[in-house]
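Beneath this line is the structure, given in structure tokens, with notes to follow.
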Amino acid sequence: MKNTLSLEIASLPENVGVARVTLAAFAALDSFSVAEIEEIKVAVSEAVTNAVVHGYRDRPGVVMLRAELENGRLCIVVEDTGVGIENIEQARKPAFSTDPERMGLGFVFMESFMDELEVVSAPGAGTRVRMTKTAARHEVREGE
Amino acid sequence: MRKEGKASPLPSGGDPFCLAVVRIDTEVIGRVLVVAPHGELDLHTAEEFKRVTDRELERANARHIVVDCSGLTFVDSSGLGAILGRYKKVSQIGGQMVFAGVPEQTRSILRLSGILKIIPEHHDPKRAVRCISGVAR
Chain A
953 MKNTLSLEIA SLPENVGVAR VTLAAFAALD SFSVAEIEEI KVAVSEAVTN AVVHGYRDRP
1013 GVVMLRAELE NGRLCIVVED TGVGIENIEQ ARKPAFSTDP ERMGLGFVFM ESFMDELEVV
1073 SAPGAGTRVR MTKTAARHEV REGE
Chain B
1208 MRKEGKASPL PSGGDPFCLA VVRIDTEVIG RVLVVAPHGE LDLHTAEEFK RVTDRELERA
1268 NARHIVVDCS GLTFVDSSGL GAILGRYKKV SQIGGQMVFA GVPEQTRSIL RLSGILKIIP
1328 EHHDPKRAVR CISGVAR
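In the order they appear, the protein sequences are chains A and B. Each residue of the first sequence is one higher than the one before, counting from 953 in our numbering. Each residue of the second sequence is one higher than the one before, counting from 1208 in our numbering.
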């Protein structure tokens, strides 16, 4: 049976950890390994950080998270109504950051640690990041 | 002298469901500052890492940094950005930075980020201090 989760958080740095831990606990309900849960945590952290830092530019806002879990497959959507991304292709490239204290690897980590990543955004229209990951243990069981 | 950072509720090692908290312990050995973050380094806690490290670098007039990761339970690109920022600072004064005691769960993100290509890794924090002190002479 499909399990769902919905979470709305204020755009605050301290809520990045709240989102990460909540999604980790949700993923742990299925057959994800500890290493896979760590990867999910990084991906969620990056998506929510992007919303807080780039979407709302540290101004008040709401970050919406939705997740679905079914048969070892996790789908996460992180959405903001912030400034949006002008050039998604450029933003997804490694080391693209305007801040010397940032690595510009947020999308690279999301892409590497999840199976699929989709970014929908436009200037002034917010950003929606959709990520999916299937538990390796589940894939093995399916193939048996 | 070893300085323990402000006490805060700490996660038990490796628990994937702990909230982002961090305590930064520091120790100065010669001109080497050993910084040991305990807990999680993300957008929120990276600020504390930057603040404590910058303060201790200046206070001790240190030139090199050993980042002792043995108590680090999670790091993302914000945490790595904070570390990289400190690396740039010591590089500007001719200093070096090394990682030590990197836990297995953290190594994959360090590798993927490419940060290990510019900040080398030592297994043991004490050995890292000796190595970097040798470079200092």
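Glycine residues also receive a C-beta, built at the ideal position from the N, C-alpha and C atoms. Bear in mind the structure is a predicted one, so any value in this text is a computation, not a measurement.
Own chain residues within Cβ distance below 6 Å of residue i, not counting five before or after
i                : result
E1022 of chain A : K954
L957 of chain A  : F978 and A1019
T1033 of chain A : G1078
G1220 of chain B : Reliability fails at G1220 of chain B, whose pLDDT of 48 lies under 50, so the model's placement of it is uncertain and no value is given.
F1065 of chain A : E991, V994 and A995
L1317 of chain B : L1323
Counterpart residues of residue i in DSSP-defined beta bridges
i                : result
L1248 of chain B : B:V1282
D1375 of chain B : Nothing can be reported for residue 1375 of chain B, as the shown portion of chain B is limited to 1208 through 1344.
K1085 of chain A : A:L1026
T956 of chain A  : A:E1020
V1235 of chain B : B:L1240
V1073 of chain A : One detail in the question is off: residue 1073 of chain A reads as Ser in this sequence, not Val. Its beta-bridge partners are A:T1079.
R1230 of chain B : B:H1245
E1068 of chain A : A:T1084
A962 of chain A  : A:V1014
R1209 of chain B : B:E1234
Straight-line gap, residue i to residue j (C-alpha atoms, nearest Å)
i                : j                : result
G1056 of chain A : Q1042 of chain A : 11 Å
L1319 of chain B : E991 of chain A  : 12 Å
D1067 of chain A : T1086 of chain A : 7 Å
R1080 of chain A : A1003 of chain A : 9 Å
K1333 of chain B : L1291 of chain B : 21 Å
L1279 of chain B : G1246 of chain B : 5 Å
D1249 of chain B : I1339 of chain B : 27 Å
V1030 of chain A : G1341 of chain B : 48 Å
I1322 of chain B : A1074 of chain A : 31 Å
V1072 of chain A : G1288 of chain B : 25 Å
T1084 of chain A : K1257 of chain B : 33 Å
A971 of chain A  : R1209 of chain B : 34 Å
R1082 of chain A : A980 of chain A  : 19 Å
A987 of chain A  : Q1312 of chain B : 7 Å
V1000 of chain A : V1015 of chain A : 7 Å
K1295 of chain B : I1325 of chain B : 11 Å
G1007 of chain A : I1037 of chain A : 8 Å
Interface partners of residue i on chain A, CB under 8 Å
i                : result
F1256 of chain B : Simply none; closest approach about 11 Å.
I1316 of chain B : V994 and F1061
E1328 of chain B : Within 8 Å Cβ-Cβ: nothing; E1328 of chain B doesn't reach chain A, min ~17 Å.
E1247 of chain B : G969
Proximal residues of chain A, C-beta to C-beta of residue i below 9 Å
i                : result
Q1312 of chain B : V986, A987 and E990
Cutoff 8 Å; reference residue i; Cβ partners in own chain excluding five residues on either side
i                : result
L1240 of chain B : T1233, E1234, T1260, E1263, L1264, A1267, A1269, H1271, I1272 and V1273
P1327 of chain B : V1305 and F1306
P1012 of chain A : A962 and S963
P1310 of chain B : G1221, C1276, S1277, L1279 and T1280
R1089 of chain A : S983, F984, S985 and G1024
N967 of chain A  : I961, V1000, V1004 and V1015
Amino acids of chain B, ordered along the chain, whose beta-carbon sits closer than 7 Å to that of residue i
i                : result
P965 of chain A  : L1250 and H1251
F978 of chain A  : Those do not exist, as F978 of chain A stays about 10 Å from chain B at its closest Cβ, beyond 7 Å.
M1055 of chain A : S1284, L1287, G1288, L1291 and S1320
Own chain, CB closer than 7 Å to residue i, minus 5 neighbours either side, in chain order
i                : result
V1336 of chain B : I1236, V1239, V1241 and V1273
L1255 of chain B : In the sequence as presented, Leu is not what sits at residue 1255 of chain B; that position holds Glu. Cβ within range, chain order: V1229 and I1231.
P1244 of chain B : V1229, I1231, F1256, G1278 and L1279
I989 of chain A  : A976, A979 and A980
Under 7 Å from the C-beta of residue i: neighbouring residues of chain A
i                : result
F1281 of chain B : K993
A1269 of chain B : Neighbours of A1269 of chain B on chain A: none; closest Cβ ~20 Å, over 7 Å.
S1298 of chain B : Under the 7 Å cutoff, chain A gives no residues; its nearest Cβ is about 12 Å from S1298 of chain B.
E1263 of chain B : Here the premise fails: no neighbours, minimum Cβ distance about 18 Å.
Cross-chain neighbours of residue i in chain B, by beta carbon under 9 Å
i                : result
M1083 of chain A : What M1083 of chain A touches in chain B: nothing, since even the nearest Cβ is about 14 Å away.
E998 of chain A  : D1283, S1284 and S1285
Proximal residues of chain B, C-beta to C-beta of residue i below 8 Å
i                : result
E1022 of chain A : Those do not exist, as E1022 of chain A stays about 21 Å from chain B at its closest Cβ, beyond 8 Å.
G1004 of chain A : It is Val, not Gly, that sits at residue 1004 of chain A in the sequence shown. Here the neighbours are L1250.
Worksheet item: Which runs of the beta strand (DSSP E) spanning at least 3 residues fall entirely within the stretch 1002-1036 of chain A, listed in chain order?
Response: 1014-1022 and 1025-1032
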